[in-house]
Amino acid sequence: MEIGAFEIEDDVLNLEHPRMIVTLRPWIDVGSVGTMAFSYLDNFFDIQPFFTTHPVGKLSHPGRFYDFTRYRPTMYRVEGVRNIDVPNSSLRGIKNHMGHDYLFLRILEPHSNSELVLDSIVEVAEYYGASMYWQIGSMYGATPHTRPLTITGWSSEEKIQQCFEELNIHASTYEGPTSIMSMATEKLRDKGISTSHTLVQLPPYARLEEDYRGQEQILALLDKVYDFGFDLTEIIKKADEQYSHLDGLVQADPAVKSMVKKLEQLYDAQSREPNEPDVKLPGSVDALLRDLEKNADNDDPVEPTS
C-alpha cells in the first residue's frame, strides 16, 4: 500500500491512534542525539513483554528525494554475501497491548521534492489517526558542559506543555535557517493533531560525534512525560565519563577554558529569577555560535541563547 511517497506494509500491528516520535537527520541531530535515542528506544521496546515492534514502511523511491553522492549507500556483507543499504526515511510501529501505541519516524532530510515528503508525512499521520507528533533533536547552543544541558521546546498538548514548564523548558526564539520538514508541525496542527518539539542544546566547543549527555536528557524527558520506565544508568555512566574527559581537554586549553567560564556566567544569569539582571552573550562565544550558524548547511545548526 502507498500513502503519498511512502510504501506501507500491511498493518499487522493494527496501530490505534499512535503517538509519533520523530527525528530529523542530519539537520537537528548534532551529536547523533536523536539517532542514539531511537536506537535505545528500539532496543527497549524489542524486549518489553507487552509490546510488539515491526517495520511499517519507507519511501518507495528514495532516489527521487536523495542525492546518493551526498548520502552514500553503505555496503555490508552477511555470510560473505554483499548487501547495500540505501539511505531512506523509515517508519517503525510499536504496538502496546496494555496502552498507547507508538510510531517512530526517522526522517532523512530530502535534497529534492521536499514538499512531497512533507505532505506524505502528514498523510501517514492522518491515516493512522496519530494522537501526537513529537519531534526530538539537538543543536549547538550556549550551554557549558559543566551545567545541566538546556532543552528548548513547546507542545500544543496542555498536559505536556505543563510538564515542560515545570522542567523549565521554554520555547526557542530562534530565527534563521531551518528545514522545510519543520512545516510538518504546522500542517498537522491545522489537521487537529497535537504536536510537540524539543531540542537539547549541546556545548558548541565539544563537537562530539556521539553526545551521551544529550541522549540521556532527551530520553529522560520522554520517560518523564510517558512513564516508560527507562533504566538510563549505563548512558549516565558513559555521559559522565565522556564529559569528564572533555573537562580535561578544556582545562588544558586556556582559550576554551575562558570561553567555558563565560558560558557558565551566562547560563547562571539566565537561570536566576526574572527580576535578576541579564548577562549579554560574550563576544568570543557569540563569534563561535555565529561561525557555527554560518556552517548550518554543513549539518551544524545552532540554537541561540535568547
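Per the numbering used here, the sequence shown starts with residue 1, numbered consecutively. Even for Gly, the Cβ is constructed at its ideal location relative to N, Cα and C.
{"Asked": "Is the stretch 84-94 touching the stretch 132-139, taking contact as three or more C-beta pairs under 8 Å?", "Found": "no"}
{"Asked": "Suppose you measure from the CA of G192 to the CA of L202; what does that come to, to the nearest Å?", "Found": "32 Å"}
{"Asked": "By a C-beta neighbour count over all protein chains shown, 10 Å radius and 16 as the cutoff for buried, is V12 buried or exposed?", "Found": "exposed"}
{"Asked": "For the stretch 40-78, list the beta strand (DSSP E) runs that are entirely contained and at least 3 residues long, ordered along the chain.", "Found": "51-59, 74-78"}
{"Asked": "Compute the Euclidean distance between the alpha carbons of G229 and W27, then round it to the nearest angstrom.", "Found": "29 Å"}
{"Asked": "Grab the span of the alpha helix (DSSP H) containing I236 for me, first residue to last.", "Found": "233-251"}
{"Asked": "In terms of DSSP beta bridges, what is H97 paired with?", "Found": "According to DSSP, H97 bridges with nothing at all."}
{"Asked": "So A5 packs on L116, CB below 8 Å; how close in whole Å?", "Found": "5 Å"}
{"Asked": "Output needed for F14: all residues of its chain with C-beta closer than 8 Å, excluding positions within five of it in sequence on either side, in chain order.", "Found": "Before going further, note that residue 14 is Asn rather than Phe in the sequence given. So the qualifying residues of the chain are K95."}
{"Asked": "Along the alpha helix (DSSP H) that carries M183, what are the first and last residues, could you check?", "Found": "183-190"}
{"Asked": "Going by DSSP, what residue range makes up the beta strand (DSSP E) through G137?", "Found": "132-140"}
{"Asked": "Please state if the CB of D46 and the CB of T53 are separated by a distance shorter than 8 Å.", "Found": "yes"}
{"Asked": "From I21 to Y226, what does the alpha carbon distance come to, in whole angstroms?", "Found": "12 Å"}
{"Asked": "Just how far apart, CA to CA, sit P55 and D10?", "Found": "10 Å"}
{"Asked": "Are the stretch 107-126 and the stretch 72-81 touching by the rule of at least three beta carbon pairs closer than 8 Å?", "Found": "no"}
{"Asked": "Just the Cα atoms here: how many angstroms apart are Y174 and T152?", "Found": "10 Å"}
{"Asked": "With H, G and I counted as helix, E and B as strand and the rest as coil, what does DSSP make of L103?", "Found": "strand"}
{"Asked": "Can you grab the Cα-Cα spacing for the pair E123 / A130, in whole Å?", "Found": "10 Å"}
{"Asked": "Look up S90 in the DSSP assignment and give the residues it is bridged to.", "Found": "K58, R106"}
{"Asked": "Measure how close the beta-carbons of R25 and R106 come, nearest whole angstrom, since I'm counting them as under 8 Å.", "Found": "7 Å"}
{"Asked": "Take D299 and list the residues in its own chain whose beta-carbon comes closer than 6 Å to its own, dropping the five residues that flank it on each side.", "Found": "With a pLDDT of 48 at D299, under the threshold of 50, the modelled position of that residue is not reliable, and no figure is offered here."}
{"Asked": "Would G57 be called buried (16 or more neighbouring beta carbons within 10 Å of its own) or exposed?", "Found": "buried"}
{"Asked": "Going by beta-carbon coordinates alone, are E2 and S60 separated by less than 8 Å?", "Found": "yes"}
{"Asked": "Less than 6 Å between C-beta atoms, sequence neighbours within five positions excluded: which residues of the same chain meet that for H17?", "Found": "G129, S131"}
{"Asked": "Using a Cβ-Cβ cut-off of 8 Å (strictly less than) and excluding sequence neighbours within five positions of H145, which residues of its own chain qualify?", "Found": "P203, A206, R213, Y243, L246, D247, V250, V260"}
{"Asked": "From T233 to L222, what distance separates their C-alpha atoms?", "Found": "16 Å"}
{"Asked": "So, with DSSP's three-state summary, where would you put S32?", "Found": "helix"}
{"Asked": "Can you give me the start and stop residues for the alpha helix (DSSP H) that R213 sits inside?", "Found": "212-226"}
{"Asked": "In angstroms, rounded to a whole number, what distance separates the CA positions of G63 and S172?", "Found": "34 Å"}
{"Asked": "Reducing DSSP to helix, strand and coil, say where I121 ends up.", "Found": "helix"}
{"Asked": "Taking P110 as the reference, which of D253, I235, I180, R272 has the closest Cα?", "Found": "I180"}
{"Asked": "What do you reckon, are the CB atoms on Y140 and V30 nearer than 8 Å?", "Found": "yes"}
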